[in-house]
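Everything below concerns the one structure shown next.
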Amino acid sequence: MASIYSSGSISLFILFLSFLSIGVLGYVDPLFHRCFSPENFTSSSPYGAARDNLLTALSTKVPPAGFATGSGTSQLNLVYGLGLCRGDVKTDDCKDCVIDAQQQLKERCPNSKGAIIWYDNCLLKYSDENFFGKIDYRNNFQLLNVADVDMDFMEFYKKIKELLEGLAGKASRDPKLYAAGDRKLNKTSRQTLFGMSQCTRDLTTDDCRACLDWAISSLPSCCYGKRGGRTVGASCIVRYELYPFVNL
Numbered sequence: 002m003a004s005i006y007s008s009g010s011i012s013l014f015i016l017f018l019s020f021l022s023i024g025v026l027g028y029v030d031p032l033f034h035r036c037f038s039p040e041n042f043t044s045s046s047p048y049g050a051a052r053d054n055l056l057t058a059l060s061t062k063v064p065p066a067g068f069a070t071g072s073g074t075s076q077l078n079l080v081y082g083l084g085l086c087r088g089d090v091k092t093d094d095c096k097d098c099v100i101d102a103q104q105q106l107k108e109r110c111p112n113s114k115g116a117i118i119w120y121d122n123c124l125l126k127y128s129d130e131n132f133f134g135k136i137d138y139r140n141n142f143q144l145l146n147v148a149d150v151d152m153d154f155m156e157f158y159k160k161i162k163e164l165l166e167g168l169a170g171k172a173s174r175d176p177k178l179y180a181a182g183d184r185k186l187n188k189t190s191r192q193t194l195f196g197m198s199q200c201t202r203d204l205t206t207d208d209c210r211a212c213l214d215w216a217i218s219s220l221p222s223c224c225y226g227k228r229g230g231r232t233v234g235a236s237c238i239v240r241y242e243l244y245p246f247v248n249l
């Protein structure tokens, strides 16, 4: 299994969101970003030109299919990039998201040789290292709804795990490596649990499933007993809520 992993140094950021702050259409502002490379380049460096050209190219390549990878070079300065839109996002919304992402990456990480930015609708990443086909366990964060569920926490988590594991299986077999669905909490409940699982499409089926299993297993550390939560990574994302947040 290919992976990018650093034991004991996984970056985990927990951000707190209220129920009303999350919508189906997503945020205008980024959810989070990381300038993760320890190396920087100067503003006049050929790497900077190669990076900027690659990000511009990805803003055109990603929207039609919702995913694209690319690489660029300038005077032997190699840069690799990847863009992904959420599986249910329309082409125009995907385009708007990726265009904003590439602009924001250049502003927030102007001289970093590796960076990533996440939105509700898309993510965009670049690096001077070839990361294609490798699970990135280092760049991730978690979001949660601060409200508690009004049922037994353990029983609720079992429902979450069942839904997301089922969606992980579907996503890993889907050409888009994406799946979303819902289920009633119980036969008498009016509440419906909604979930989503998605991987970047450079991963194999097996690596997608491994990444999603890791993301699901990390949810209790931030979101146990909470009405909503997600693990947002550079290679995969899982999310659950008690309201619809994707187009099923």
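Going by our numbering, the letters in the sequence shown line up with residues 2 to 249, in that order.
Heads up, the beta-carbon is just placed ideally off N, CA and C, and yes, glycines get one too.
Fair warning: this is a prediction, and the values are worked out from it, not measured in the lab.
- Task: Compare the beta carbon distance of Y241 and G229 with 8 Å and say whether it is the shorter of the two.
- Result: Result yes, Cβ atoms of Y241 and G229 sit closer than 8 Å.
- Candidates D89, D153 and S190: closest to C123 by CA position: Ranking D89, D153 and S190 by Cα distance to C123 puts D89 first.
- Query: Below 8 Å between beta carbons: does that hold for I161 and Q199?
  - Reply: No, the pair does not count as a contact, with Cβ atoms beyond the cut-off.
- Query: Going along the chain, which residues of its own chain have a beta-carbon closer than 7 Å to the beta-carbon of Y179, five neighbours each way excluded?
  - Reply: Around Y179: G88, A172 and Q199.
- Task: For the stretch 64-73 and the stretch 32-43, state whether three or more C-beta atom pairs, one from each stretch, are separated by less than 8 Å.
- Result: Result no; under three Cβ-Cβ pairs closer than 8 Å.
- Pair every Cβ in the stretch 122-142 with every Cβ in the stretch 98-105, then say whether three or more of these pairs are closer than 8 Å. Three or more pairs of CB atoms, one per stretch, sit closer than 8 Å, so the stretch 122-142 contacts the stretch 98-105.
- If you drop the 5 nearest sequence neighbours on each side, which residues of the same chain put their C-beta closer than 6 Å to that of F157? V150, listed in sequence order.
- Message: Buried or exposed, going by whether 16 or more other CB atoms sit within 10 Å of the CB of F246?
- Response: The residue is buried, with at least 16 neighbouring Cβ atoms inside 10 Å.
- Task: Along the alpha helix (DSSP H) that carries F42, what are the first and last residues, could you check?
- Result: No alpha helix (DSSP H) holds F42; DSSP gives it neither H nor E.
- Cα separation between A211 and D97? Between the alpha carbons of A211 and D97 lies a gap of roughly 30 Å.
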